[in-house]
Amino acid sequence: MTQVAILNIGDELLIGQVVNTNAAEMAKMLNSEGFDVTETLVVGDKEEMIVSALRFLMQRADVVLLTGGLGPTKDDITKKILAREFGAKLIEDEKVLNHVEQYFKQKNLPFTSTNREQALVPDNCRVIFNSVGTAPGMCFEKEGKVVISMPGVPFEMRLMMKEVIAILKQHFKSEAIEHRTLLLSGIGESFLSDMLEEFEAALPKNISLAYLPKGGTIRLRLTCKGEDKETVVSQIKSQTERLRSLVEKYFMGFDCDNLAQTLAERLLQNNKTICTAESCTGGNIAHLITLVAGSSIYYKGSVVSYANSVKADVLGVSKEDLETFGAVSEQVVKQMAEGARRLLNTDYAIATSGIAGPTGGSSQKPVGTVWIAVAGKDFCIAQKHFFATSRDNFIERASNQALLMCLENVK
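Okay, so the sequence shown: first residue is 285 according to the numbering used here, each after it adds one.
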(Lines of atoms letter the chains of each structure in order from A and count residues from 1; the text may use other names and numbers.)
(Lines give C-alpha, C1' and ligand atoms only; values in the text may rest on other atoms or scores of the structure.)
Protein backbone atom coordinates (compact mmCIF):
# COMPACT_ATOMS: atom_id res chain seq x y z
CA MET A 1 0.00 0.00 0.00
CA THR A 2 1.28 3.47 -0.87
CA GLN A 3 2.64 5.14 2.26
CA VAL A 4 1.96 8.84 2.77
CA ALA A 5 3.54 11.13 5.36
CA ILE A 6 2.17 14.53 6.35
CA LEU A 7 4.35 17.48 7.37
CA ASN A 8 2.52 20.50 8.82
CA ILE A 9 4.58 23.67 9.18
CA GLY A 10 3.95 26.65 11.43
CA ASP A 11 5.00 28.05 14.82
CA GLU A 12 1.32 28.69 15.54
CA LEU A 13 0.69 24.94 15.54
CA LEU A 14 3.48 24.25 18.03
CA ILE A 15 2.40 26.85 20.59
CA GLY A 16 -1.26 25.81 20.44
CA GLN A 17 -2.47 29.09 18.98
CA VAL A 18 -4.02 27.21 16.06
CA VAL A 19 -5.36 23.67 16.23
CA ASN A 20 -3.85 21.44 13.55
CA THR A 21 -7.02 20.35 11.79
CA ASN A 22 -5.17 19.94 8.49
CA ALA A 23 -3.53 16.65 9.48
CA ALA A 24 -6.85 15.06 10.45
CA GLU A 25 -8.68 16.25 7.33
CA MET A 26 -5.87 15.20 5.01
CA ALA A 27 -5.58 11.78 6.61
CA LYS A 28 -9.31 11.20 6.33
CA MET A 29 -9.40 12.16 2.66
CA LEU A 30 -6.35 10.06 1.82
CA ASN A 31 -7.56 7.03 3.72
CA SER A 32 -10.93 7.08 2.00
CA GLU A 33 -9.08 6.87 -1.33
CA GLY A 34 -6.94 3.90 -0.27
CA PHE A 35 -3.72 5.69 0.70
CA ASP A 36 -2.07 4.74 4.00
CA VAL A 37 -1.00 7.69 6.18
CA THR A 38 1.94 6.33 8.15
CA GLU A 39 2.99 9.36 10.18
CA THR A 40 2.46 13.07 10.74
CA LEU A 41 5.04 15.62 11.87
CA VAL A 42 4.62 19.23 12.95
CA VAL A 43 7.56 21.66 12.84
CA GLY A 44 7.96 25.39 13.28
CA ASP A 45 9.00 28.03 10.76
CA LYS A 46 12.70 27.23 11.07
CA GLU A 47 14.68 26.23 8.01
CA GLU A 48 16.80 23.53 9.65
CA MET A 49 13.74 21.84 11.14
CA ILE A 50 11.78 21.89 7.87
CA VAL A 51 14.72 20.49 5.90
CA SER A 52 15.43 17.80 8.49
CA ALA A 53 11.78 16.71 8.67
CA LEU A 54 11.38 16.66 4.88
CA ARG A 55 14.48 14.52 4.32
CA PHE A 56 13.50 12.19 7.15
CA LEU A 57 10.00 11.61 5.78
CA MET A 58 11.20 11.15 2.19
CA GLN A 59 13.32 8.23 3.39
CA ARG A 60 10.33 6.56 5.03
CA ALA A 61 7.34 7.24 2.75
CA ASP A 62 6.42 7.20 -0.93
CA VAL A 63 4.65 10.56 -0.66
CA VAL A 64 5.23 13.59 1.56
CA LEU A 65 2.48 16.20 1.76
CA LEU A 66 3.36 19.57 3.28
CA THR A 67 1.14 22.41 4.43
CA GLY A 68 2.15 25.89 5.55
CA GLY A 69 4.89 28.39 4.91
CA LEU A 70 3.76 29.51 1.46
CA GLY A 71 2.52 32.98 2.33
CA PRO A 72 4.09 36.37 1.46
CA THR A 73 5.71 37.13 4.84
CA LYS A 74 9.34 36.64 5.87
CA ASP A 75 8.58 33.56 8.01
CA ASP A 76 7.07 31.79 4.98
CA ILE A 77 10.14 29.93 3.75
CA THR A 78 8.80 26.59 2.50
CA LYS A 79 8.91 27.50 -1.20
CA LYS A 80 12.56 28.59 -1.10
CA ILE A 81 13.53 25.45 0.80
CA LEU A 82 11.79 23.18 -1.71
CA ALA A 83 13.40 24.98 -4.64
CA ARG A 84 16.82 24.41 -3.14
CA GLU A 85 16.14 20.79 -2.12
CA PHE A 86 14.97 19.92 -5.63
CA GLY A 87 17.63 21.93 -7.47
CA ALA A 88 15.25 24.49 -8.98
CA LYS A 89 15.22 28.23 -9.58
CA LEU A 90 12.17 30.39 -8.96
CA ILE A 91 10.36 31.73 -12.00
CA GLU A 92 7.21 33.78 -12.42
CA ASP A 93 4.13 31.79 -13.43
CA GLU A 94 1.90 33.91 -15.68
CA LYS A 95 -1.35 32.15 -14.76
CA VAL A 96 -0.67 32.49 -11.04
CA LEU A 97 0.37 36.14 -11.47
CA ASN A 98 -2.85 37.02 -13.30
CA HIS A 99 -4.87 35.27 -10.62
CA VAL A 100 -3.09 37.06 -7.77
CA GLU A 101 -3.52 40.45 -9.47
CA GLN A 102 -7.25 39.84 -9.92
CA TYR A 103 -7.51 38.56 -6.36
CA PHE A 104 -6.29 41.87 -4.92
CA LYS A 105 -8.20 43.94 -7.48
CA GLN A 106 -11.50 42.28 -6.51
CA LYS A 107 -10.80 43.05 -2.86
CA ASN A 108 -9.88 46.63 -3.77
CA LEU A 109 -6.44 46.21 -2.22
CA PRO A 110 -3.08 47.45 -3.54
CA PHE A 111 -0.93 44.93 -5.43
CA THR A 112 2.60 45.16 -4.00
CA SER A 113 5.93 43.63 -4.92
CA THR A 114 5.52 41.29 -1.94
CA ASN A 115 2.22 40.06 -3.33
CA ARG A 116 3.85 39.55 -6.73
CA GLU A 117 6.29 37.08 -5.15
CA GLN A 118 3.35 34.69 -4.65
CA ALA A 119 3.56 34.03 -8.41
CA LEU A 120 7.15 32.74 -8.13
CA VAL A 121 7.34 28.95 -8.41
CA PRO A 122 10.21 26.43 -8.80
CA ASP A 123 10.86 25.81 -12.49
CA ASN A 124 10.80 22.01 -12.14
CA CYS A 125 7.53 21.60 -10.21
CA ARG A 126 3.99 20.94 -11.34
CA VAL A 127 1.96 23.97 -10.25
CA ILE A 128 -1.33 23.24 -8.50
CA PHE A 129 -3.66 26.19 -9.01
CA ASN A 130 -5.21 27.78 -5.92
CA SER A 131 -8.59 29.17 -6.94
CA VAL A 132 -9.46 30.59 -3.49
CA GLY A 133 -6.10 31.98 -2.35
CA THR A 134 -2.86 33.44 -3.59
CA ALA A 135 -0.34 30.69 -2.81
CA PRO A 136 -0.17 27.92 -5.44
CA GLY A 137 0.58 24.32 -4.58
CA MET A 138 3.70 22.62 -5.91
CA CYS A 139 4.34 19.00 -6.85
CA PHE A 140 7.87 17.57 -7.13
CA GLU A 141 9.11 14.13 -8.18
CA LYS A 142 12.45 12.64 -7.20
CA GLU A 143 13.67 9.04 -7.37
CA GLY A 144 10.15 7.63 -7.40
CA LYS A 145 9.01 9.84 -4.52
CA VAL A 146 6.34 12.55 -4.75
CA VAL A 147 6.43 15.68 -2.59
CA ILE A 148 3.53 18.12 -2.71
CA SER A 149 3.33 21.42 -0.87
CA MET A 150 0.03 23.18 -0.14
CA PRO A 151 -1.08 26.31 1.74
CA GLY A 152 -1.76 25.96 5.45
CA VAL A 153 -5.13 27.74 5.26
CA PRO A 154 -7.56 24.84 5.86
CA PHE A 155 -10.18 25.66 3.21
CA GLU A 156 -7.47 26.28 0.60
CA MET A 157 -5.81 22.97 1.45
CA ARG A 158 -9.15 21.17 1.38
CA LEU A 159 -9.96 22.26 -2.17
CA MET A 160 -6.44 21.57 -3.38
CA MET A 161 -6.47 18.02 -1.94
CA LYS A 162 -8.88 16.92 -4.67
CA GLU A 163 -6.22 17.55 -7.31
CA VAL A 164 -3.51 16.17 -5.05
CA ILE A 165 -5.31 12.85 -4.75
CA ALA A 166 -5.79 12.76 -8.52
CA ILE A 167 -2.03 13.26 -8.95
CA LEU A 168 -1.26 10.46 -6.49
CA LYS A 169 -3.56 8.10 -8.36
CA GLN A 170 -1.58 8.82 -11.53
CA HIS A 171 1.64 7.74 -9.82
CA PHE A 172 0.59 5.04 -7.37
CA LYS A 173 -1.91 2.22 -7.11
CA SER A 174 -4.26 2.63 -4.16
CA GLU A 175 -5.83 -0.25 -2.27
CA ALA A 176 -9.51 -0.76 -1.65
CA ILE A 177 -10.45 0.19 1.89
CA GLU A 178 -13.76 0.07 3.73
CA HIS A 179 -14.75 1.19 7.22
CA ARG A 180 -17.83 0.34 9.23
CA THR A 181 -18.49 2.00 12.58
CA LEU A 182 -20.92 0.79 15.23
CA LEU A 183 -21.97 3.28 17.91
CA LEU A 184 -22.46 1.71 21.35
CA SER A 185 -23.62 2.95 24.73
CA GLY A 186 -24.03 1.44 28.16
CA ILE A 187 -20.82 -0.61 28.42
CA GLY A 188 -17.25 0.22 29.41
CA GLU A 189 -14.30 -0.19 27.08
CA SER A 190 -12.56 -2.90 29.14
CA PHE A 191 -15.74 -4.95 29.47
CA LEU A 192 -16.37 -4.62 25.74
CA SER A 193 -12.83 -5.72 24.97
CA ASP A 194 -13.25 -8.85 27.08
CA MET A 195 -16.58 -9.58 25.38
CA LEU A 196 -15.06 -9.33 21.91
CA GLU A 197 -11.77 -11.12 22.59
CA GLU A 198 -12.65 -14.23 20.57
CA PHE A 199 -14.21 -12.22 17.76
CA GLU A 200 -11.14 -10.01 17.46
CA ALA A 201 -8.74 -12.97 17.52
CA ALA A 202 -10.64 -14.65 14.67
CA LEU A 203 -10.59 -11.61 12.34
CA PRO A 204 -8.77 -12.08 9.02
CA LYS A 205 -5.36 -10.39 8.84
CA ASN A 206 -6.65 -7.68 6.51
CA ILE A 207 -9.39 -6.60 8.95
CA SER A 208 -8.76 -4.63 12.15
CA LEU A 209 -10.98 -3.51 15.01
CA ALA A 210 -10.52 -0.18 16.83
CA TYR A 211 -12.15 1.06 20.05
CA LEU A 212 -12.97 4.79 20.07
CA PRO A 213 -14.49 5.93 23.41
CA LYS A 214 -15.90 9.44 23.70
CA GLY A 215 -18.31 11.13 26.09
CA GLY A 216 -20.00 8.02 27.45
CA THR A 217 -20.15 6.20 24.11
CA ILE A 218 -17.86 3.81 22.26
CA ARG A 219 -17.45 3.57 18.52
CA LEU A 220 -16.26 0.22 17.20
CA ARG A 221 -14.56 0.72 13.84
CA LEU A 222 -13.94 -2.22 11.53
CA THR A 223 -11.41 -1.55 8.77
CA CYS A 224 -10.86 -3.88 5.83
CA LYS A 225 -8.12 -3.47 3.21
CA GLY A 226 -7.45 -5.39 0.01
CA GLU A 227 -6.77 -5.23 -3.69
CA ASP A 228 -10.30 -6.04 -4.85
CA LYS A 229 -13.12 -3.65 -3.90
CA GLU A 230 -15.89 -6.22 -4.22
CA THR A 231 -14.09 -8.69 -1.96
CA VAL A 232 -13.36 -6.01 0.63
CA VAL A 233 -17.01 -4.91 0.74
CA SER A 234 -18.18 -8.52 1.10
CA GLN A 235 -15.71 -9.24 3.89
CA ILE A 236 -16.53 -6.20 5.97
CA LYS A 237 -20.26 -6.73 5.55
CA SER A 238 -19.94 -10.27 6.91
CA GLN A 239 -17.81 -9.22 9.88
CA THR A 240 -20.06 -6.25 10.65
CA GLU A 241 -23.08 -8.53 10.89
CA ARG A 242 -21.17 -10.85 13.25
CA LEU A 243 -20.05 -7.94 15.39
CA ARG A 244 -23.49 -6.40 15.64
CA SER A 245 -24.99 -9.69 16.81
CA LEU A 246 -22.50 -9.71 19.69
CA VAL A 247 -23.17 -6.12 20.83
CA GLU A 248 -26.86 -5.80 19.97
CA LYS A 249 -27.76 -4.93 23.57
CA TYR A 250 -25.61 -1.77 23.39
CA PHE A 251 -25.98 -0.91 19.71
CA MET A 252 -27.16 2.62 18.86
CA GLY A 253 -26.44 3.03 15.16
CA PHE A 254 -24.10 2.60 12.18
CA ASP A 255 -21.40 4.79 10.66
CA CYS A 256 -22.25 7.95 12.53
CA ASP A 257 -19.74 10.45 13.86
CA ASN A 258 -22.01 11.52 16.68
CA LEU A 259 -25.24 10.86 18.52
CA ALA A 260 -26.95 13.86 16.97
CA GLN A 261 -26.60 12.28 13.52
CA THR A 262 -28.11 9.03 14.78
CA LEU A 263 -30.96 10.93 16.42
CA ALA A 264 -31.54 12.82 13.18
CA GLU A 265 -31.95 9.59 11.25
CA ARG A 266 -34.34 8.21 13.86
CA LEU A 267 -36.51 11.32 13.91
CA LEU A 268 -36.65 11.57 10.12
CA GLN A 269 -37.56 7.90 9.78
CA ASN A 270 -40.48 8.37 12.17
CA ASN A 271 -41.46 11.86 10.98
CA LYS A 272 -41.09 13.27 14.50
CA THR A 273 -39.95 16.64 15.86
CA ILE A 274 -37.93 17.67 18.89
CA CYS A 275 -36.93 20.69 20.98
CA THR A 276 -34.60 21.33 23.91
CA ALA A 277 -34.68 23.14 27.26
CA GLU A 278 -31.18 23.56 28.63
CA SER A 279 -29.76 24.95 31.81
CA CYS A 280 -26.33 23.54 32.70
CA THR A 281 -25.51 22.58 29.10
CA GLY A 282 -26.12 26.16 28.00
CA GLY A 283 -27.38 25.40 24.49
CA ASN A 284 -24.75 22.78 23.64
CA ILE A 285 -27.36 20.12 22.83
CA ALA A 286 -29.01 22.55 20.43
CA HIS A 287 -25.59 23.21 18.91
CA LEU A 288 -24.92 19.49 18.40
CA ILE A 289 -28.33 18.92 16.85
CA THR A 290 -28.06 21.86 14.45
CA LEU A 291 -24.58 20.83 13.30
CA VAL A 292 -26.39 18.12 11.34
CA ALA A 293 -27.42 19.33 7.88
CA GLY A 294 -31.19 19.38 7.44
CA SER A 295 -31.93 19.61 11.18
CA SER A 296 -34.52 22.33 10.56
CA ILE A 297 -36.87 19.58 9.36
CA TYR A 298 -37.19 18.02 12.81
CA TYR A 299 -35.65 20.47 15.29
CA LYS A 300 -37.91 23.38 16.31
CA GLY A 301 -35.82 25.33 18.80
CA SER A 302 -34.48 25.70 22.33
CA VAL A 303 -35.02 27.57 25.55
CA VAL A 304 -31.75 28.15 27.39
CA SER A 305 -33.30 28.58 30.81
CA TYR A 306 -30.20 29.34 32.83
CA ALA A 307 -32.05 31.51 35.35
CA ASN A 308 -34.83 30.15 37.54
CA SER A 309 -37.03 33.06 36.42
CA VAL A 310 -36.82 31.76 32.82
CA LYS A 311 -37.61 28.22 33.97
CA ALA A 312 -40.72 29.54 35.70
CA ASP A 313 -41.90 32.34 33.41
CA VAL A 314 -41.12 30.76 30.03
CA LEU A 315 -41.27 27.01 30.61
CA GLY A 316 -43.95 27.06 33.31
CA VAL A 317 -41.91 25.35 36.03
CA SER A 318 -43.57 25.62 39.43
CA LYS A 319 -41.95 28.34 41.56
CA GLU A 320 -42.88 26.33 44.63
CA ASP A 321 -41.01 23.28 43.29
CA LEU A 322 -38.01 25.44 42.44
CA GLU A 323 -37.90 26.66 46.05
CA THR A 324 -38.63 23.26 47.58
CA PHE A 325 -36.53 20.91 45.45
CA GLY A 326 -34.10 23.30 43.75
CA ALA A 327 -33.38 23.78 40.08
CA VAL A 328 -31.28 20.61 39.95
CA SER A 329 -33.99 18.09 40.69
CA GLU A 330 -36.19 15.49 39.06
CA GLN A 331 -39.31 17.56 39.60
CA VAL A 332 -37.90 20.66 37.90
CA VAL A 333 -36.18 18.98 34.95
CA LYS A 334 -39.35 17.06 34.07
CA GLN A 335 -41.36 20.27 34.07
CA MET A 336 -38.71 21.91 31.87
CA ALA A 337 -39.04 19.12 29.29
CA GLU A 338 -42.82 19.13 29.36
CA GLY A 339 -42.94 22.92 29.22
CA ALA A 340 -40.63 23.09 26.22
CA ARG A 341 -42.55 20.40 24.35
CA ARG A 342 -45.79 22.25 24.99
CA LEU A 343 -44.35 25.67 24.16
CA LEU A 344 -42.68 24.61 20.90
CA ASN A 345 -45.31 22.01 19.95
CA THR A 346 -42.98 19.07 19.28
CA ASP A 347 -43.22 15.31 19.62
CA TYR A 348 -40.24 15.13 21.98
CA ALA A 349 -38.25 17.40 24.26
CA ILE A 350 -34.92 17.11 26.07
CA ALA A 351 -34.12 19.05 29.26
CA THR A 352 -31.02 19.37 31.43
CA SER A 353 -30.37 20.97 34.81
CA GLY A 354 -27.15 20.49 36.74
CA ILE A 355 -24.05 21.92 38.38
CA ALA A 356 -21.19 22.23 35.90
CA GLY A 357 -18.80 23.81 38.41
CA PRO A 358 -16.21 24.48 39.52
CA THR A 359 -18.35 26.27 42.13
CA GLY A 360 -21.99 26.03 43.13
CA GLY A 361 -22.12 22.53 44.58
CA SER A 362 -23.20 21.33 48.02
CA SER A 363 -22.96 18.13 50.06
CA GLN A 364 -26.42 17.11 48.80
CA LYS A 365 -25.76 18.20 45.23
CA PRO A 366 -22.02 18.23 44.50
CA VAL A 367 -20.45 19.74 41.40
CA GLY A 368 -20.99 17.26 38.56
CA THR A 369 -24.61 16.45 39.42
CA VAL A 370 -27.06 16.64 36.53
CA TRP A 371 -30.70 15.73 36.00
CA ILE A 372 -31.77 14.93 32.42
CA ALA A 373 -35.35 14.52 31.23
CA VAL A 374 -36.94 13.38 28.00
CA ALA A 375 -40.62 14.05 27.37
CA GLY A 376 -42.93 12.60 24.74
CA LYS A 377 -46.65 12.62 24.12
CA ASP A 378 -47.40 9.90 26.68
CA PHE A 379 -44.35 9.92 28.95
CA CYS A 380 -41.76 11.99 30.76
CA ILE A 381 -38.74 10.31 32.31
CA ALA A 382 -35.77 11.69 34.21
CA GLN A 383 -32.39 10.33 35.21
CA LYS A 384 -29.75 11.58 37.61
CA HIS A 385 -26.08 11.40 36.60
CA PHE A 386 -22.79 12.47 38.13
CA PHE A 387 -19.84 13.59 36.01
CA ALA A 388 -16.96 14.63 38.27
CA THR A 389 -14.79 16.33 35.69
CA SER A 390 -13.90 19.71 34.19
CA ARG A 391 -16.66 22.17 33.26
CA ASP A 392 -16.30 21.70 29.50
CA ASN A 393 -16.13 17.91 29.78
CA PHE A 394 -19.17 17.93 32.07
CA ILE A 395 -21.14 19.82 29.42
CA GLU A 396 -19.99 17.39 26.71
CA ARG A 397 -20.87 14.29 28.75
CA ALA A 398 -24.21 15.65 29.92
CA SER A 399 -25.11 16.59 26.34
CA ASN A 400 -24.19 13.14 25.03
CA GLN A 401 -26.11 11.43 27.82
CA ALA A 402 -29.17 13.54 27.01
CA LEU A 403 -28.99 12.54 23.33
CA LEU A 404 -28.60 8.88 24.35
CA MET A 405 -31.68 9.08 26.57
CA CYS A 406 -33.64 10.58 23.74
CA LEU A 407 -32.51 7.88 21.32
CA GLU A 408 -33.64 5.20 23.72
CA ASN A 409 -37.12 6.69 23.77
CA VAL A 410 -37.72 7.94 20.21
CA LYS A 411 -40.07 5.50 18.51
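The beta-carbon is built from N, C-alpha and C at its ideal position, and this holds for glycine as well.
Query, Result
"Touching by the beta-carbon criterion (3+ pairs, under 8 angstroms), the stretch 492-504 and the stretch 467-481", "yes"
"Nearest residue (CA-CA) to residue 462, options 408, 455, 521, 557", "521"
"Sufficient close CB pairs (3 or more, under 8 angstroms) joining the stretch 307-323 to the stretch 391-401", "no"
"C-alpha gap between residue 446 and residue 384, whole angstroms", "21 angstroms"
"Contiguous alpha helix (DSSP H) assignments of at least 4 residues, all confined to the stretch 412-485", "438-455, 473-479, 481-485"
"At least three beta-carbon pairs within less than 8 angstroms, the stretch 658-668 to the stretch 582-590", "no"
"Segment contact, 8 angstroms Cβ cut-off, at least three pairs: the stretch 433-451 with the stretch 413-425", "yes"
"Cβ-based neighbour list, residue 600, same chain, cut-off 6 angstroms, excluding 5 preceding and 5 following", "623"
"The stretch 287-297 in contact with the stretch 345-356 per 3-pair CB rule at 8 angstroms", "yes"
"Residue 626 vs residue 632 beta-carbon contact at 8 angstroms", "no"
"Residue 634, DSSP secondary structure in three states", "strand"
"Proximity of residue 654 and residue 673 at Cβ, strictly below 8 angstroms", "no"
"Three-state class that DSSP yields for residue 287 in the structure shown", "strand"
"CA-to-CA distance, residue 372 to residue 535, given in whole angstroms", "56 angstroms"
"Beta-carbon spacing of residue 649, residue 639 below 8 angstroms", "yes"
"Identity of the residue in 443, 452, 533, 658 nearest residue 423 by Cα", "452"
"Three-state class that DSSP yields for residue 607 in the structure shown", "helix"
"Contacts around residue 359, its chain only, beta-carbon distance under 7 angstroms, and the 5 residues preceding and following it disregarded", "329"
"First through last residue of the beta strand (DSSP E) which encompasses residue 393", "Element bounds for residue 393: n/a, residue is neither H nor E."
"Contact set for residue 458: own chain, Cβ-Cβ below 7 angstroms, skip 5 residues either direction", "286, 317, 318, 319"
"Backbone CA spacing between residue 585 and residue 630 [nearest angstrom]", "10 angstroms"
"Residue 698 - containing beta strand (DSSP E), residue span", "The chain is shown only over 285 to 695; residue 698 falls outside these bounds and no answer can be derived."
"Beta-carbon proximity check, residue 288 vs residue 347, cutoff 8 angstroms", "yes"
"Residue 496, buried or exposed, once every other Cβ within 10 Å from all chains shown has been counted against 16", "exposed"
"Alpha helix (DSSP H) runs wholly inside the stretch 337-369, at least 4 long, in chain order", "362-369"
"Sequence ranges, alpha helix (DSSP H) only - wholly within the stretch 489-569, length at least 4", "513-531, 543-554"
"Spatial distance of residue 644 from residue 335 (CA atoms)", "53 angstroms"
"Sequence-distant residues of its chain with Cβ nearer than 7 angstroms to residue 345 (five each side left out)", "287, 288, 289, 322"
"C-alpha gap between residue 487 and residue 507, whole angstroms", "11 angstroms"
"DSSP-derived helix/strand/coil call for residue 683", "helix"
"Element boundaries [beta strand (DSSP E), containing residue 667]", "664-670"
"Bridge partner(s) assigned by DSSP for residue 406", "374"
"Any 3 or more C-beta pairs closer than 8 angstroms across the stretch 607-616 and the stretch 536-555", "no"
"Nearest residue (CA-CA) to residue 683, options 543, 619, 621, 583", "543"
"Spatial distance of residue 608 from residue 465 (CA atoms)", "46 angstroms"
"Sub-8 angstroms separation of residue 265 and residue 634 beta-carbons", "Outside the shown range of the chain (285 to 695) lies residue 265, about which nothing can therefore be said."
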